[in-house]
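Beneath this line is the structure, given in structure tokens, with notes to follow.
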Ligand code: C2E
Ligand code: MG
Ligand code: MG
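Residue numbers (the working numbering): 193 to 667.
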């Protein structure tokens, strides 16, 4: 951290400077300050927004933390909710302009002796050196959230975005600015789990969660080479005959240090760390090879579904799928790719191109966890989809819960009307299976028909020699 302190300007007058509002004045301040910064101290201004950058904020906060009078330095990390969607639906210029507007609003609310910086793509930090005492922080955080109530007007159009805020406060106990920023970031990520427009204050359990997250990210980097991943398979059965029609490939990780880690925990971390493309490629290769082998040796009609992460969904995926099919000899129609609603932006040319290239390859595309994605349903008519998977949260309430029954029923009707098939996932009881069959659901998946099991377990089941109970849980 000490290296970053060297970027600081020397005069106190610069220290708390944050740009005034207005695009022109914002840039003027940025330009002016950048000149000083470059001449004597290197760059400490974020060139996009004109507020300080991460290095400057960390360095200055470090000084405050070390100074005796700054008993309680606090940081508010502010992240724009759903910013990637703005970049997805429009060009990057719109995203840049939005970030500048956000910076202006934040700049207008921080006090003269607070410090505002942009510390990541859509992330800002407000550092306050103790003039706001602890009881004042919740109100200040709410004040920051309130800045997002009014829509942002860019090129004559209104854009509504909210923000998530995480707050961490040193109270004299934290002496490292980077750690304090990390804690505020952890609180912000926790706030995100409460939905858009939430605030959370850093607590001890978040520290433990943040430490585990760092450990997982670190260990994941070597997991593929170390052979710590494996693929489990779970049966997908015909709703009427209960015969196995296919399997879903599910990634499993047993870390040498942490033991079994659930996909719901490590996959988002792998995605953010840029590791999921390679791991997803590996799952696809394994699943295609395994199912091609089963089709050739024991179960000619069996199909396989593979989950695709949003970070994989691009032109490279098309090439990799084609290579897997060519290398394994798997018939394209035997491969289903499970994608989620959030990936399908009908207006995004890159998404449309990837979808149509995959369809051209002859593979099938299915929407996983249908009903949980808050997406516009216009993609249903835009793309050639093979089927929908009803999320298990709707299946869990069957047959008693009237809302779940109504939703499941509506999904089946709608899918069939659009020429798609329907799979229900998370089927655990005979009553659920019967209710779904009665609604017209085509295929079922869940513990009732077998837990995710190893390839060896499923080889036994597929040859008909095993029974449902023989598929040992691998979770
Ligand atoms: P998913 O694709 O919706 O997979 C179904 C999940 O439900 C699996 O969890 C499965 O073990 C679980 N499940 C199956 N039957 C039942 C049941 O009767 N009751 C309950 N409560 N759960 C059931 P798992 O294996 O932990 O995977 C969680 C999620 O992780 C998957 O949800 C999928 O989104 C993701 N995932 C798993 N493998 C991969 C992969 O290779 N690539 C990507 N991108 N994501 C994956
Ligand atoms: Mg799935
Ligand atoms: Mg699912």
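C-beta atoms are modelled at their ideal positions from N, C-alpha and C, and glycine is treated no differently. Values in this document were obtained by computation on a predicted structure and should not be read as measured data.
Bounding residues of the alpha helix (DSSP H) (the contiguous stretch that carries residue i)
i           : result
residue 363 : Premise fails: residue 363 is in no alpha helix (DSSP H) and is neither H nor E.
residue 626 : 622 to 631
residue 599 : 594 to 609
residue 410 : 396 to 415
residue 546 : 541 to 553
residue 254 : 246 to 258
residue 652 : 647 to 654
residue 514 : 507 to 520
residue 574 : 571 to 574
residue 459 : 455 to 464
Cα-Cα separation, residue i to residue j
i           : j           : result
residue 505 : residue 258 : 46 Å
residue 467 : residue 481 : 22 Å
residue 644 : residue 637 : 10 Å
residue 577 : residue 558 : 6 Å
residue 316 : residue 381 : 13 Å
residue 243 : residue 610 : 50 Å
residue 309 : residue 249 : 6 Å
residue 472 : residue 528 : 14 Å
residue 247 : residue 366 : 18 Å
residue 649 : residue 642 : 10 Å
residue 524 : residue 424 : 21 Å
residue 490 : residue 420 : 28 Å
residue 185 : residue 369 : Past the edges of the chain, shown from 193 to 667, lies residue 185, and the structure says nothing about it.
residue 624 : residue 332 : 49 Å
residue 432 : residue 600 : 17 Å
residue 371 : residue 251 : 12 Å
residue 652 : residue 428 : 15 Å
residue 532 : residue 447 : 27 Å
residue 514 : residue 613 : 24 Å
residue 291 : residue 604 : 42 Å
residue 341 : residue 456 : 32 Å
residue 285 : residue 405 : 33 Å
residue 571 : residue 507 : 19 Å
residue 350 : residue 461 : 33 Å
residue 520 : residue 484 : 6 Å
residue 621 : residue 595 : 18 Å
residue 493 : residue 522 : 11 Å
residue 343 : residue 591 : 43 Å
Identity of the residue in the options nearest residue i by Cα
i           : options               : result
residue 383 : 364, 355, 327 and 494 : 355
residue 488 : 540, 253 and 654      : 654
residue 458 : 555, 254 and 501      : 501
residue 390 : 370, 338 and 310      : 338
residue 647 : 619, 606, 444 and 251 : 444
residue 587 : 290, 575, 537 and 629 : 629
residue 499 : 624, 426 and 574      : 426
residue 385 : 363, 357 and 369      : 357
residue 537 : 264, 276, 266 and 492 : 276
residue 330 : 266, 303, 288 and 343 : 266
residue 236 : 307, 279 and 373      : 307
residue 496 : 509, 312 and 478      : 478
residue 326 : 517, 362 and 401      : 362
residue 632 : 461, 597, 555 and 520 : 597
residue 556 : 579, 535 and 349      : 579
residue 617 : 522, 569, 562 and 238 : 562
residue 640 : 430, 395, 408 and 286 : 430
residue 364 : 322, 534, 295 and 349 : 322
residue 238 : 553, 295 and 286      : 295
residue 541 : 574, 521, 518 and 560 : 574
residue 539 : 279, 289, 378 and 509 : 279
Ligand 4 heavy atom lying under 6 Å from the CB of residue i
i           : result
residue 499 : Absence of ligand 4 is noted for the structure shown, with ligand 1, ligand 2 and ligand 3 being the only ligands found.
Residue i - containing beta strand (DSSP E), residue span
i           : result
residue 393 : 391 to 393
residue 639 : Unbroken run through residue 639: none, as it is neither H nor E.
residue 444 : 436 to 447
residue 378 : No beta strand (DSSP E) holds residue 378; the alpha helix (DSSP H) holding it covers 369 to 385.
residue 585 : No beta strand (DSSP E) holds residue 585; the alpha helix (DSSP H) holding it covers 584 to 587.
residue 324 : Careful: residue 324 lies outside any beta strand (DSSP E) and carries neither H nor E.
residue 468 : Counting along the chain, residue 468 falls outside any beta strand (DSSP E), though it belongs to the alpha helix (DSSP H) covering 468 to 489.
residue 529 : 527 to 532
residue 558 : 556 to 562
residue 241 : Where residue 241 is concerned, there is no enclosing beta strand (DSSP E), given that its DSSP letter is neither H nor E.
Inset, instruction - Kindly confirm or deny that the region 580 to 588 and the region 536 to 555 touch, where touching means at least three C-beta pairs closer than 8 Å. - result: Contact annotation: the region 580 to 588 does not touch the region 536 to 555, with fewer than three C-beta pairs closer than 8 Å.
Legend entry - Three CB pairs or more closer than 8 Å across the region 422 to 442 and the region 403 to 414: The region 422 to 442 and the region 403 to 414 do not touch, with fewer than 3 CB-CB distances between them shorter than 8 Å.
Legend entry - Three CB pairs or more closer than 8 Å across the region 415 to 435 and the region 286 to 300: no
Inset, instruction - Would you be able to state if there are at least three C-beta pairs under 8 Å between the region 391 to 400 and the region 327 to 337? - result: A contact is defined here as three or more CB-CB pairs under 8 Å, and the region 327 to 337 meets this definition with respect to the region 391 to 400.
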